[in-house]
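Since the structure comes first, as structure tokens, the remarks are kept for the end.
Quick look at the structure:
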């Protein structure tokens, strides 16, 4: 390895990880090794300068009520961070989009139709994926009950092939029959879709309060099992093996129909947050999944009744939870002190989504 001075390799790596991505990028021209290292997704994910990335919808024109969806970021520590708005080269036809996963500094954006983008928020680079090979055009006859629609999208990194992938589940409708599901996978390296045999376990729940996410090689959604009266489950997709699986929800969740579920990661574990935004005050229960036995859940924390909360969003540390209130303001809640801190960001509370991300220079083109 080309080194600076006589520093050992492990020391040099620790120094690089602590530098902002813009500074690290300057070392690309040192040697072929450094160029490959800096463009390695695993190295990019180890960088320690992290931010909170926020997708929010704001009012563009007060008179007309026209809205705009935008990306903004807050550097850590959040208590003293300034808002940085990011300008993505999306045409006006794609003003509405949702998060469909974050991995190694890249995000996936979808308009819930056929358009999917992979984006590097740090560089502004955007890749518009080719059309689906499964989705069909809507029928011209409005009474025609046959057709297709997009049910779910997920984005992540395949550590075996060392490539980024997008998985899309498509619903096929035929009059008089229950919809069936088929799945296609996109490889960034090959820039193409292909259908896979593995069947999804259920229909992904699309309400804003039910989150999906990528974590350590797997993509997770809240879903309902196929068939009439199917139970809610966590559906996962393995990016390397390209297979689906299911995780049952904790006992008691299925009977608590009045509450909502959010999903995120806490202390390296997948957690579900159970709450009810319909009440003026809501208690938030935090349930953690066992990393070795997916069927085991434990309630690890209960947040006492809090008022004005629309939904919990994401943990940014072991004791800090980002939430959004009913007015669309982001709030940082400390589990230890039980104190709230209002962050300088606001958007439509029902369309706001956040993720912790690290700036990288990885190219999507």
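Numbering (this note's numbering), first residue to last: -19 to 345.
The beta-carbon is built from N, C-alpha and C at its ideal position, and this holds for glycine as well.
Short check: CB of residue i to CB of residue j, under 8 Å?
i: residue 60; j: residue 32; result: no
i: residue 253; j: residue 233; result: no
i: residue 335; j: residue 79; result: yes
i: residue 93; j: residue 130; result: yes
i: residue 63; j: residue 114; result: no
i: residue 110; j: residue 172; result: yes
i: residue 312; j: residue 304; result: no
i: residue 182; j: residue 215; result: yes
i: residue 170; j: residue 344; result: no
i: residue 222; j: residue 165; result: yes
i: residue 264; j: residue 195; result: no
i: residue 323; j: residue 86; result: no
i: residue 193; j: residue 244; result: yes
i: residue 143; j: residue 168; result: yes
i: residue 340; j: residue 102; result: yes
i: residue 298; j: residue 224; result: no
i: residue 294; j: residue 302; result: yes
i: residue 58; j: residue 296; result: yes
i: residue 349; j: residue 204; result: The requested residue 349 is not part of the displayed model; the chain covers only -19 to 345.
i: residue 127; j: residue 116; result: yes
i: residue 82; j: residue 91; result: no
i: residue 34; j: residue 321; result: no
i: residue 191; j: residue 227; result: no
i: residue 163; j: residue 154; result: no
Grouping DSSP H, G and I as helix and E and B as strand, with all else coil, what is residue i?
i: residue 68; result: coil
i: residue 22; result: helix
i: residue 220; result: coil
i: residue 59; result: helix
i: residue 17; result: helix
i: residue -10; result: helix
i: residue 12; result: helix
i: residue 182; result: strand
i: residue 103; result: coil
i: residue 253; result: strand
i: residue 191; result: coil
i: residue 89; result: strand
i: residue 233; result: coil
i: residue 76; result: coil
i: residue 248; result: coil
Bridge partners of residue i, per DSSP?
i: residue 48; result: 38
i: residue 215; result: 201, 226
i: residue 345; result: Answer is none; residue 345 lacks a bridge partner.
i: residue 167; result: 145, 172
i: residue 31; result: 55, 337
i: residue 153; result: 127
i: residue 82; result: 87
i: residue 240; result: 255
Taking only beta-carbon atoms, is residue i less than 8 Å away from chain C?
i: residue 307; result: Here chain C cannot be found, since the structure has a single protein chain.
| said: Tell me whether the region 195 to 203 and the region 124 to 135 touch, counting them as touching only if at least three CB pairs, one residue from each stretch, are closer than 8 Å. | reply: In short, these stretches touch, since the Cβ pair count reaches three.
| said: List, from N- to C-terminal side, the beta strand (DSSP E) runs of 3 residues or more that fit wholly inside the region 259 to 342. | reply: As far as the region 259 to 342 is concerned, its whole beta strand (DSSP E) runs of at least 3 residues are 261 to 269, 277 to 287, 289 to 295, 300 to 305, 309 to 314, 320 to 326, 333 to 338.
| Mind pulling the beta strand (DSSP E) runs of 3 or more residues that sit fully within the region 108 to 142? | Qualifying beta strand (DSSP E) stretches, in chain order: 127 to 138.
| said: Three or more C-beta pairs under 8 Å: does that hold for the region 280 to 298 against the region 314 to 330? | reply: Between the region 280 to 298 and the region 314 to 330, the count of Cβ pairs shorter than 8 Å is three or higher; the stretches touch.
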